[in-house]
Every structure is written in C-alpha cells, then in structure tokens.
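>
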Amino acid sequence: MARIYLTRRFNMTAATHTRVTARIDPATQSLLNRAAEAAGIPTINAFVLGAAVEKAKAILQQEEIIRLNADSSLRLLDALENPPAPNRHLSELFRKHRSECP
755 MARIYLTRRF NMTAATHTRV TARIDPATQS LLNRAAEAAG IPTINAFVLG
805 AAVEKAKAIL QQEEIIRLNA DSSLRLLDAL ENPPAPNRHL SELFRKHRSE
855 CP
C-alpha cells in the first residue's frame, strides 16, 4: 500500500516548495523504474510528478470545460441572450430568498 505525505520546507532566501513523498512496495518501485526508463525520464520522481500533473490537468479540464456541438452552443447562446421569463415557481423562490436574506 502506498502512503503519500505532504510537507512544506520554509527557507527565507528561497521560494517555498512543497515536497510529496510516497512509501511504495518494491514491486511498485520496480514498475515505476521500468516505466521511467522506457519513457526516457531520468528519475522516478520526475516520472511520477509528470504523470500526476498530466492526470491533474486532464481531470480539471474534464470538470471545468463544457464541450458543446455547434447546435447546442447556438441554443445556449440564444438562451443566454434571450432568457425565458421566470415561471411562477422561480418567482416564488426569488421572493423567498429576498425575504430570508435582507
């Protein structure tokens, strides 16, 4: 089982860096060594950091970016530029919110 620890090193003359360490079993270390070598990356640390950053970017892109086809994007723009009138239920919610949050 891998354990990951985050620590901060403070140095008044240099920028603050965060260190990430992991305890891994020998089989995982061997796997990471082989993969780093196959990718031409000199160290496990560089390999793991690169893979983690790549995965983090992919996850955030998936969560933060909305992809629409041409038809859907036109419908969205039209709805934003010409919003429908609020229905009765929405109007009641606005009234309730205004009365609860002066």
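Numbering follows our numbering, with no gaps: position 96 of the sequence shown is 850. Heads up, the beta-carbon is just placed ideally off N, CA and C, and yes, glycines get one too.
Given the structure, does ARG829 come close to the ligand NAD, in the sense that its CB is under 6 Å from one of the ligand's heavy atoms?
The ligand NAD is absent from the structure shown, which contains no ligand whatsoever.
> Can you check whether the C-beta of LEU844 is within less than 7 Å of a C-beta belonging to chain B?
No chain B is present in this structure, which holds just one protein chain.
> Let me know the secondary structure DSSP gives THR772 once reduced to three states.
Position 18 of the sequence shown, counting from 1, holds the residue named residue 772. Of the three classes helix, strand and coil, the one that applies to THR772 here is strand, per DSSP.
> Where does ARG829 fall in DSSP's three states?
The residue given as residue 829 occupies position 75 in the sequence shown. Correct three-state label for ARG829: helix.
> ILE795 to GLU808, Cα distance in whole Å?
Against the sequence shown, residue 795 aligns to sequence position 41. Against the sequence shown, residue 808 aligns to sequence position 54. Taking the straight line from one Cα to the other gives about 15 Å.
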